[in-house]
């Protein structure tokens, strides 16, 4: 049994009008891309486009070239599809996805180049460099997605002219072709908006202070998660349209199969983006500094940065170069660190992070405390790693998450000199085992509240060298849990 002929008539006028529709995709794509850029609205449209073009690099020209070629090919497909009611019009869907695919290749190229360059950077700076480079590299992906969304939306409009002019089975074909283009355009536009948020997040992580990065990371991760439901909804819409179209065109099995295959081909670009993103994560992960040394008890609260000094056994070591610090070098480095923080960064309250490796001894702890007190620091941060599993993050952030040191945790401990006054809101205490007994309350090891919360009351204690790093961490945790800051009188200050 032969299939029925699709064309009922050949409306050349409508076909010519439909053939012009793909060229409307260009302005729509640039409008979507400009909206996705965000940034400083006062900078002006052309200034923002010029900045984005520079960020995207040479691949922006390739995306533009491919987009122009796809638009001209789609114009021919629309003409024959509308005039003859041919399923050839459906080939425009995978062609549109090609624009997103080229943008994804530009993203992969940018991240790969950044990963190669970041090898030569200081390990502490790699988070900033990779976050900024990834955010800029996503510009080509955004341009590609905008091009795909603009083209598909204009193709849906072109199919509308054919629906008005055609009849019978040809009209059905154009109805579902237009619905397919429109649903795919919505998927691409949603992916673009999500990508816009991701670009903003990565650029923010590259420019804010290390102390603010974890908070921004968590907020951005939650915002990106909100796109999951709309994306799934529009993908479901694509599936519904394809299934309904296949059923409606069942009298022409060949056309029904082409609708499903070519319509699904419109998602190839997003699939390529996901695949190259995964490859980029793997390449970036290989150049990241591993979360090496510090491991203590489970601590809450974020540290501003990974520690430069670690306590290992009875030694104080340089965490990055893994070498023992002698007394003179340690004192000089801590004094320079405190001076730089106060004079260059403008920080008046300087707390020095120190990583605590398992089996660190009291001797190493008090050596560091003495050197930090001599350097006139205000305190130290006992820093370790949280034992729980990694945070659940969206796929594009998987490689950046370790760079943000989200596993680093710290307990703040303040300093006071011998004989320092203990005014109202302050209690003196004595050490009994791993507990501080004050005049009115006993502090026991529980958990610490967020270290960024300002604590007004203090517990000042004098301890000797029998105090272990583990004990000191638990005391600091207990004090903060009671709404107080643990302030110690270093033995070296006496």
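Numbering (my numbering), first residue to last: 4 to 497.
Note that beta-carbon positions come from the ideal geometry of N, C-alpha and C, so glycine has one too.
Shown here, residue 386 sits in a strand according to DSSP, grouped into three states. Residue 165 holds the alpha-carbon nearest to the alpha-carbon of residue 19 among 141, 278, 116 and 165. Rounded to the nearest whole angstrom, the CA to CA distance from residue 362 to residue 471 is 10 Å.
The criterion of a C-beta distance shorter than 7 Å is satisfied by residue 276 and residue 107. Taking C-alpha positions only, residue 97 is separated from residue 285 by approximately 28 Å. At least 7 Å separates the beta-carbon of residue 160 from that of residue 110. Contact annotation: residue 104 and residue 203 have beta-carbon atoms that are not nearer than 7 Å. Classified as buried, residue 180 has 16 or more neighbouring CB atoms from the shown chains inside 10 Å of its CB. Fully contained in the region 153-188 is no beta strand (DSSP E) run of length 3 or more.
In this chain, residue 25 is not harboured by any alpha helix (DSSP H), its DSSP state being neither H nor E. Contact between the region 172-191 and the region 65-79 is absent: fewer than 3 CB-CB pairs across the two stretches fall below 8 Å.
Restricting attention to 491, 133 and 254, the CA atom closest to the CA of residue 113 is found in 133. Scanning its chain for C-beta atoms nearer than 8 Å, with the 5 sequence neighbours on each side dropped, one finds around residue 85 the residues 14, 17, 18, 21, 22, 92, 161, 162, 164, 165, 168, 169 and 177, in chain order. Between the alpha carbons of residue 368 and residue 314 lies a gap of roughly 7 Å. Straight through space, the alpha carbons of residue 330 and residue 282 are spaced by roughly 45 Å. Residues of the same chain with a CB within less than 7 Å of the CB of residue 207, apart from the 5 flanking positions on each side, are 219 in chain order. For residue 358, the enclosing beta strand (DSSP E) covers residues 354-359. Residue 211 and residue 242 have their C-alpha atoms spaced approximately 42 Å apart. Selection 94, 83 and 143 evaluated against residue 65 yields 143 as nearest (Cα-Cα). By the 16-neighbour rule on beta-carbons within 10 angstroms, residue 235 is exposed. Excluding residues up to 5 positions away in sequence, 327 and 367 lie with their Cβ nearer than 7 Å to the Cβ of residue 318 in the same chain. Just so you know, the alpha carbons of residue 152 and residue 33 end up roughly 10 Å apart.
DSSP places residue 16 within a helical segment (H, G or I) once states are collapsed to three.
With fewer than 16 other CB atoms across the displayed protein chains lying within 10 angstroms of its CB, residue 30 is exposed.
In this model, residue 26 and residue 353 are separated by some 60 Å (Cα to Cα). The DSSP-derived three-state label of residue 310 is coil. Around the beta carbon of residue 272, a 10 Å sphere encloses 16 or more other beta carbons of the protein chains shown; the residue is thus reported as buried.
Take residue 228, set aside five residues on each side of it, and the residues of its chain with a beta-carbon closer than 8 Å to its own are 397, in chain order. Within the same chain, and ignoring the five residues on either side of residue 78 in sequence, the residues whose Cβ sits closer than 6 Å to its Cβ are 22 and 25.
About 27 Å separates the beta carbons of residue 90 and residue 193, which is beyond the 8 Å limit, so they are not a contact pair. Pairing residue 280 with residue 139, the inter-Cα distance amounts to about 14 Å. In the DSSP assignment, residue 418 forms a beta bridge with 491.
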